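S.K.: Structure incoming, see below.
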Amino acid sequence: MASHELDCQEYTEEAQEIIDLVKIGHDFLLSGGAGSGKTYSLVEIIRAVLEIKPLANIACITYTNAAVKEIEERVDHPNLHVSTIHEFLWGNIKHYQDELKGVIIDLINDDEQTRFKNPNEGVELSRDYFDHLEDGIQYKEFLKIKNGIISHDELLIVADRMYETHKKLCSVTKDRYPYIFVDEYQDTDKAVIQILLQHFKKSNNNCVVGFFGDAMQSIYDGSIGNLDEYKGDGDAQVKEVKKEQNRRNPKLIIDLANHLRSDGLTQHPSDDILAPNMNAEGQVNNGHVLFLYSNNDDLNRVRGYLGWDFTDAEHTKELNLTHNLIAGKAGFEGLMIIYDADKIIDFVYRIKKHIKQNEDVIETENKSFEEVINELQNSKTGKELNAVSPTKGMQQYIDEHPNEYREALQSPYDEISSFYVDKDQLIDDKKDYADGEGKIASKRDDLIKHLFKIQHNIRLYNENRINEFLRHTDFRVLSIDAKKKLKENIESLTNVGEKTIEEIIKEADEYGIAVIDDRLTRFMENKKYLYQQVGAIPFYQFQNLYDYLEGFTPFTTQHKTKGTEFSNVLVILDNGNWNNYNFESLFTGQGRDTVIYRTQKIFYVCCTRAKERLAVFYHNPPEDVIVKAKGWFGEENTIDLDS
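Read in the working numbering, the sequence shown has 828 at position 169, and its numbers run on one by one without any break.
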C-alpha cells in the first residue's frame, strides 16, 4: 500500500504522530498514563507498519508471557515476532557460539564482575574452556556455568557485552528487525535500553526503535525508569508523543491521579462512548473516592465501614506496602519470622558491629560463633558485658528458639556474620516467577527463587501447559511409563501435607522438576544457618506465599498490583519502616525529593487500579496530611472514623 493511502486511514491522533515519525525513520516514545490504552496504540502502530512495509519483520518486546499472548491474539501476522525481552535477546545471540563463549570467559576472568563465579577454583579460564560442550552455551531456568548454562540475570549481562563488542551483531539484528517496539519500557533493565539506543548506533543500518509506557509507573529499582537522557525536541534521539486520555478510571480517580503526576502529562476522560469508564448514556462515571483515617489501626473496622466483599479476590483488593500484616492471614508467618524477625541474627549483627568498632579486640578466623562470644564475654562485667550480650528482646527470642540458637552457635562466625537477611529476600515483588522472564532482577535470595521455580513448574503442569513445563525442567517424557511417573511426582509435590521445604527441594531435584543448580548449592554451603531454618518450615507455607504473591488472595502488595485493575481498591498507607517510602512526606511535601517521588509513583499506581471505588486508609495522620487529603479527595470524602 502506498504511503498516501495510509494517510487516509483512521488512526488516533497519537498514532498518526508516531506513524509520521516511523515514515522518516525516527525513534519514538509513546507516553501514556494509567488506563490510556497504550496496548491499543501499540497494536495500531504494528498494523500501520505492516501496511507500510508488508515484507518487513517487526520485533515486539514485551514484559510478560501474558502480554505476549495478548498482542499475538490482536495481531496475527507472520512478520510480527512477539517475545519477552530475554527471548528476544537470546534469539539474536544464541547462534554466535564462538563469540558467546569468548564473552562469558572474559566475564568470568574479569575480577570486577561478580555475577559469574569462576568454576575453575579461581584459575583464569583458557579461551577453549567451553569447546568440549556438545550443545554449546545454553540459556535455561537455572545457572550452571561449568556446563555452559546461563540464566535470566546472566543473559542480560552477556547480551550487553555481546552487542557492545560486536558491531556485526548490531547490524545483523537491525537488518533482521528494522522495527523494534518495546512495551512497558519503564520497567526494562538499563542494559536493554543501552543495547537499543547506544550499541545499535555502532551500525549504520536502518532500524526504528519505539517505546511504549509510563514513567510514573516505574516502581522497580534497577529499571530504566524514563528516557529523559534520550528524548526531547530538535536533534534528540527519541521523540515523545503523549497519550492523555484515560479509558479505565472514573472522573474522581482521574482528578486524584492528576494531582500525583509530576511529568507534565495531564489525563482526561476518554471521549470514546464505549470506554469502560463511561455509563450507558455516554457520560463519564464519577466513581467513588474516600480518604479514611483513625487513631485506631483496626483494619476490620475499615473493611466493615466500606462494606465491600473482601473474599472476592477477583474484584476487590487490599493493597499494603508491607507484608507483615498479611503474613499471618495468608499463612506464611513462619517464613516471615525467619526473614524479618530473627533475633538470633540480630544478635550476630550486634556482635559484628562491636568487633568492627573495636577492630583490635579479637581475631575471628576459623572460630565458631560460640567461641567468638565466649572470648568477647570473658572477664567482662557491667556495661562491657552487656555490649556483647543479647538485648532483652534478643534473649527472649533465643529462649523460645533453643535449637536454632544452638545451630547458630556452632556455625563458623565468619560465615554466619557475612550474610544479610531481609524480608525483601523473601517477598520482593519485582520478579514473580510465573511470568517473570522479562522482568528486572529480584531481591529474592537464591533459595526463595528456587522455591518459586519449583512451584511455578508445578503450576505449569497442573494448568496443562506441558510445553512450557518441559522447557523449564530437566524432565524428559520418553515413554508412557515416564508420563505416568511424572504425574505421580507432580501430585507428590502438590499435595505436600507436612513435608518440609528441604524435603520438597530434594524431591523436586530427584524428579527433575527443578534441579539444584550452582546458585542454590552456593546458598546451601555459604548460608547453612538460614537454609536450615527455612528448610524446616512446612512447604505448604511457601505454597501460601506463592498464592499470595500471585494474586490468588484478597491481599496484595502495592508493587504487585501494577498492571492490574479491580472494581474496588483499598490502599493502606503504612511505610512499614521502609526508608525508601514516606506517605507523610508525600502529602506534606517535606522530606527527601527522591523518597517523595518514589512514594508518589507507588501511590499513583495504587490509586489508578480502581475502576469504580477507591478507599485510602491512613492511621493517625498529622493535621497537615488531613488538610492535603481534603484538597485531593474532597472534604466530603475525607472521613474521620473516630467521629
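We put the beta carbon where it would ideally sit given N, CA and C, even for glycine. Here the structure is a predicted model, which is why all the values come from computation and not from measurement.
Beta strand (DSSP E) containing VAL948: first to last residue?
M.R.: Element bounds for VAL948: 947-953.
S.K.: Could you give the DSSP three-state label for CYS829: helix, strand or coil?
M.R.: CYS829 falls in the helix class under three-state DSSP.
S.K.: Counting along the chain, where does the alpha helix (DSSP H) carrying THR1153 start and finish?
M.R.: Counting along the chain, the alpha helix (DSSP H) containing THR1153 begins and ends at 1139-1153.
S.K.: HIS740 to GLN845, Cα distance in whole Å?
M.R.: C-alpha separation (whole angstroms): 21 angstroms.
S.K.: Name the two residues that bound the continuous beta strand (DSSP E) containing HIS1131.
M.R.: Taken as a continuous stretch (DSSP letters only), HIS1131 belongs to no beta strand (DSSP E), being part of the alpha helix (DSSP H) at 1125-1131.
S.K.: Please give me, in chain order, every unbroken run of the beta strand (DSSP E) with length at least 3 that falls completely inside the region 972-1028.
M.R.: Runs of the beta strand (DSSP E) inside the region 972-1028: 975-979.
S.K.: Which residues share a DSSP beta bridge with ALA601?
M.R.: Nothing about residue 601 can be read from this structure; the chain reaches only from 660 to 1302.
S.K.: Take ASP1233 as the anchor and find which of LEU958, THR1267, GLN1084, ASN1025 has the nearest alpha-carbon.
M.R.: Minimum Cα distance to ASP1233 is reached at LEU958.
S.K.: With DSSP run on the structure shown, which of helix, strand or coil describes VAL727?
M.R.: Of the three classes helix, strand and coil, the one that applies to VAL727 here is helix, per DSSP.
S.K.: Is it a yes or a no for the region 1187-1204 touching the region 939-958, going by three-plus beta-carbon pairs under 8 angstroms?
M.R.: No, they do not touch.
S.K.: Compute the minimum distance between the beta carbon of LEU1044 and the heavy atoms of the ligand ZN, and state whether it is under 8 angstroms.
M.R.: The model depicted lacks the ligand ZN and carries no ligand whatsoever.
S.K.: Cα-Cα, which of ALA1000, LEU814, PRO1049, VAL900 is closest to ILE677?
M.R.: Looking at the Cα atoms, VAL900 is the closest of the given residues.
S.K.: Check the C-beta distance from LEU759 over to LEU814 and give it rounded, since I have them as a contact under 8 angstroms.
M.R.: That pair is no contact at about 11 angstroms.
S.K.: Nearest-angstrom Cα distance between SER1302 and TYR1263?
M.R.: Those two C-alpha atoms are separated by around 28 angstroms.
S.K.: Okay, do the region 772-783 and the region 804-819 touch, 3+ Cβ pairs below 8 angstroms being the bar?
M.R.: They touch, by the three-pair rule.
S.K.: Output the residue ranges of the alpha helix (DSSP H) runs that lie fully inside the region 1161-1190 and measure 4 residues or longer, sorted by chain position.
M.R.: The qualifying runs are 1177-1185.
S.K.: Pick helix, strand or coil for GLN904, following the three-state DSSP scheme.
M.R.: Residue state, collapsed to three classes: strand.
S.K.: Which residue from ILE717, ASN738, GLU746, ASN917 puts its Cα closest to that of THR723?
M.R.: Checked all of ILE717, ASN738, GLU746, ASN917; the closest Cα to THR723 is GLU746.
S.K.: Going by the DSSP bridge assignment, what does LYS890 pair with across the sheet?
M.R.: According to DSSP, LYS890 bridges with VAL897.
S.K.: Helix, strand or coil, according to DSSP, for ILE1285 in the structure here?
M.R.: Looking at ILE1285 - three-state DSSP - the assignment turns out to be helix.
S.K.: Going by beta carbon distance, what residues of the same chain come within less than 8 angstroms of GLN1036, once the five residues before and after it are set aside?
M.R.: Cβ neighbours of GLN1036 beyond the five flanking positions: LEU1044, VAL1047, SER1048.
S.K.: In whole angstroms, what is the alpha-carbon distance linking PHE801 and GLN1054?
M.R.: C-alpha separation (whole angstroms): 40 angstroms.
S.K.: Which of the three DSSP states is assigned to SER742 in this structure?
M.R.: Of the three classes helix, strand and coil, the one that applies to SER742 here is strand, per DSSP.
S.K.: So, under 8 angstroms CB-CB, GLY692 and MET875 are touching, yes? Tell me the CB distance rounded to an integer number of Å.
M.R.: Contact holds; Cβ gap of about 7 angstroms.
S.K.: Taking the beta strand (DSSP E) that PHE687 falls in, what are its first and last residues?
M.R.: Start and end: 686-691.
S.K.: Could you tell me the boundaries of the alpha helix (DSSP H) in which PHE1201 lies?
M.R.: PHE1201 -> alpha helix (DSSP H) spans 1198-1208.
S.K.: Can you tell me which of HIS1131, PHE1242, VAL1228, PHE1276 puts its alpha carbon nearest to the alpha carbon of TYR798?
M.R.: With distances taken between Cα atoms, TYR798 lies closest to HIS1131.
S.K.: Kindly indicate which three-state DSSP category ALA934 falls into: helix, strand or coil?
M.R.: Coil at ALA934, not helix or strand.
S.K.: Does GLN942 pass the burial test, meaning 16 or more other C-beta atoms within 10 Å, or should it be called exposed?
M.R.: So GLN942 counts as exposed.
S.K.: Between ALA989 and ASN716, what straight-line distance do the alpha-carbon atoms span, to the nearest angstrom?
M.R.: When rounded, the distance between both Cα atoms is 46 angstroms.
S.K.: I need the boundaries of the alpha helix (DSSP H) containing THR847, first residue and last residue.
M.R.: No alpha helix (DSSP H) contains THR847, which DSSP labels as neither H nor E.
S.K.: Assuming the contact rule is C-beta atoms closer than 8 angstroms, GLY795 and GLN756 should be a hit. Round their C-beta distance to whole Å, please.
M.R.: The pair is a contact, with the Cβ atoms about 4 angstroms apart (cut-off 8 angstroms).
S.K.: Three or more beta-carbon pairs under 8 angstroms between the region 1103-1110 and the region 1167-1184, yes or no?
M.R.: At 8 angstroms Cβ cutoff, the stretches touch.
S.K.: Note down, in chain order, each residue of its chain lying with its Cβ closer than 8 angstroms to the Cβ of LYS1142, except the 5 sequence neighbours on either side.
M.R.: Excluding sequence neighbours, LYS1142 sits near VAL1136.
S.K.: Looking at SER877: is its Cβ nearer than 9 angstroms to the Cβ of ASN865?
M.R.: No, they are not a contact pair.
S.K.: Whole angstroms is fine: what's the gap from TYR1205's alpha carbon to THR1153's?
M.R.: The straight-line gap from Cα to Cα measures roughly 13 angstroms.
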